[in-house]
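Peer 1: In the UniProt record's numbering, the protein residues as written are 1 to 334.
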Amino acid sequence: MKTVAIEVKNTDDIIVYAPEYLTKLKSAISNYTAREIQNYISWRYIMDMVSSLSSDYKDTRNNFRKVLYGTTSDAAIWRRCANYVNGAMGNAVGRLYVQEAFAGKSKHVVEEMIKQIRQVFIKTLDELSWMDAETKQKAEEKAVAIKERIGYPDEILTNTEKLNQEYKGLTYKEEEYFENLVENLRFAQKERLKKLKEKVDKDEWITGAAVVNAFYSPSRNQIVFPAGILQPPFFSASQPKFLNFGGIGMVIGHEITHGFDDNGRNFNAEGDLIDWWSQESANNFKSQSQCMIYQYGNFTWDLASEQNLSGINTLGENIADNGGIRQAYRAYKS
1 MKTVAIEVKN
11 TDDIIVYAPE
21 YLTKLKSAIS
31 NYTAREIQNY
41 ISWRYIMDMV
51 SSLSSDYKDT
61 RNNFRKVLYG
71 TTSDAAIWRR
81 CANYVNGAMG
91 NAVGRLYVQE
101 AFAGKSKHVV
111 EEMIKQIRQV
121 FIKTLDELSW
131 MDAETKQKAE
141 EKAVAIKERI
151 GYPDEILTNT
161 EKLNQEYKGL
171 TYKEEEYFEN
181 LVENLRFAQK
191 ERLKKLKEKV
201 DKDEWITGAA
211 VVNAFYSPSR
221 NQIVFPAGIL
231 QPPFFSASQP
241 KFLNFGGIGM
251 VIGHEITHGF
261 DDNGRNFNAE
271 GDLIDWWSQE
281 SANNFKSQSQ
291 CMIYQYGNFT
301 WDLASEQNLS
311 GINTLGENIA
321 DNGGIRQAYR
331 AYKS
């Protein structure tokens, strides 16, 4: 913490998201010496970075992954480089991407779709026989409070000075690729640590614009649809309504539902980690979840030697998928 001049005191409150994991970790590491733990951490770092070294290292890694995972090849170098730069400098790449490939009218169309699908979700709440009236009311308040981020933050186009300031601390050397990666890691970690004592900016975007994905942030109660996913086949302002609802519509419903899955339901409308469920409704949610855990836990995949899915590990995504499809279809039909 000295690198960012921040002191963490013994009296500071720390939110622990995975107490069970830390309890088991404490028990596990007691079986190893400090030297063994240091070696393990060093090896994990090497394994993470080896794909950025020369061919001899990458070929050895690929052979290892082929035995372990069945993977036979890496993505093309240009694709890996593009993905890396996008991940490291999301707003800079996002600006270029939006200027080149994102139609402004798309925002309005997606806003209207979110409005329709949110209304369907709220109507669906009224149909739940296992949730009591008080919890339904709070769930509706949370659904209404969900903030949407569509396409890109306006400032990446309008505020060049702020964009330059964001990357001011980065220094690259043209002939030192690996060293540049390490510099990126240092820079990103320092930027994260600087935020430790700052008030959370709940309006901040959690991803760059040139990303083909969508997100729900429970601590912000925010859904995000970057410009990268607002493209065919997921979405186009000029393509038929049924394609948009079957594509990005399902994704919108999926992300809204994440606010009420086994993780998202633990956060309130303001994004605070507060239990707002009645005991009866919480118990009923867990009981309903068991049906889905059982259903997905009994799916097998022939290409994986008939191995079963983990219904527990995939519960949040399965809840969101089911909710997303249902809401998108109902919104399309309405």
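Glycine residues also receive a C-beta, built at the ideal position from the N, C-alpha and C atoms.
Rounded to whole angstroms, what is the Cα-Cα separation between R79 and N283?
Peer 2: Each residue's Cα considered, the two are about 46 Å apart.
Peer 1: For W130, name the three-state secondary structure that DSSP assigns.
Peer 2: If DSSP states are grouped into helix, strand and coil, W130 belongs with coil.
Peer 1: Measuring straight from C-alpha to C-alpha, what distance separates V4 and G324?
Peer 2: Approximately 42 Å between the Cα atoms of the pair.
Peer 1: Would DSSP call R326 helix, strand or coil?
Peer 2: DSSP places R326 in helix when its eight states are reduced to three.
Peer 1: DSSP three-state call for N266: helix, strand or coil?
Peer 2: Helix, per DSSP.
Peer 1: For the alpha helix (DSSP H) holding F64, just list the boundary residues, first then last.
Peer 2: Counting along the chain, the alpha helix (DSSP H) containing F64 begins and ends at S55 to Y69.
Peer 1: Measuring only the C-alpha atoms, how far is A28 from P226?
Peer 2: The alpha-carbon atoms of A28 and P226 are separated by roughly 40 Å.
Peer 1: Straight-line CA distance for I252 to L181?
Peer 2: Taking the straight line from one Cα to the other gives about 34 Å.
Peer 1: Taking all protein chains shown into account, do 16 or more other C-beta atoms lie within 10 angstroms of the C-beta of N221, making it buried, or fewer, making it exposed?
Peer 2: It counts as buried.
Peer 1: Beta strand (DSSP E) containing F178: first to last residue?
Peer 2: Here F178 belongs to no beta strand (DSSP E); instead the alpha helix (DSSP H) covers Y177 to K194.
Peer 1: So S281 and T135 are supposed to be a Cβ contact under 8 Å. How far apart are they, rounded?
Peer 2: The Cβ separation is near 4 Å, so the contact holds.
Peer 1: Please classify L315: is it buried, with 16 or more other beta-carbons within 10 angstroms of its beta-carbon, or exposed?
Peer 2: By the neighbour-count rule (16 or more Cβ atoms within 10 Å), L315 is buried.
Peer 1: Return yes when the Cβ of D48 is within less than 8 Å of the Cβ of N62, no when it is not.
Peer 2: No, the Cβ-Cβ distance between N62 and D48 is not below 8 Å.
Peer 1: How is the beta strand (DSSP E) around K147 delimited, first residue to last?
Peer 2: Residues K147 to G151.
Peer 1: Please check the pair I319 and T257, which I expect to be a contact at CB under 8 Å, by giving their CB distance rounded to whole angstroms.
Peer 2: Going by Cβ atoms, the distance from I319 to T257 rounds to 6 Å, so yes, they are a contact pair.
Peer 1: Determine the extent of the beta strand (DSSP E) in which P226 is found, giving its start and end residues.
Peer 2: Start and end: Q222 to P226.
Peer 1: Can you give me the C-alpha to C-alpha distance between I146 and A269, rounded to a whole angstrom?
Peer 2: Each residue's Cα considered, the two are about 7 Å apart.
Peer 1: Between the beta-carbon of V93 and the beta-carbon of G208, is there less than 8 Å?
Peer 2: Taking 8 Å as the Cβ cut-off, V93 and G208 qualify as a contacting pair.
Peer 1: Who are N308's beta bridge partners in DSSP?
Peer 2: In DSSP, N308 forms a bridge with T300.
Peer 1: Name the one or two DSSP bridge partners that F215 has.
Peer 2: Per DSSP, V224.
Peer 1: Assuming A103 is part of the alpha helix (DSSP H), what are its boundary residues?
Peer 2: First-last for A103: undefined, no H or E at that position.
Peer 1: How do the segment 86 to 104 and the segment 148 to 156 stand: do at least 3 beta-carbon pairs fall below 8 Å, yes or no?
Peer 2: These segments touch.
Peer 1: What three-state label does DSSP hand Q239 in the structure shown?
Peer 2: It is coil, neither helix nor strand.
Peer 1: Tell me where the alpha helix (DSSP H) around A88 begins and ends.
Peer 2: From DSSP, the alpha helix (DSSP H) with A88 extends over I77 to A88.
Peer 1: Might you give, ordered along the chain, the residues of its own chain that have their beta carbon closer than 6 Å to the beta carbon of N263, omitting 5 neighbours on each side?
Peer 2: Excluding sequence neighbours, N263 sits near G316.
Peer 1: Using 8 Å as the threshold, is the C-beta distance between G259 and M113 below it?
Peer 2: For G259 and M113, no; Cβs fall outside 8 Å.
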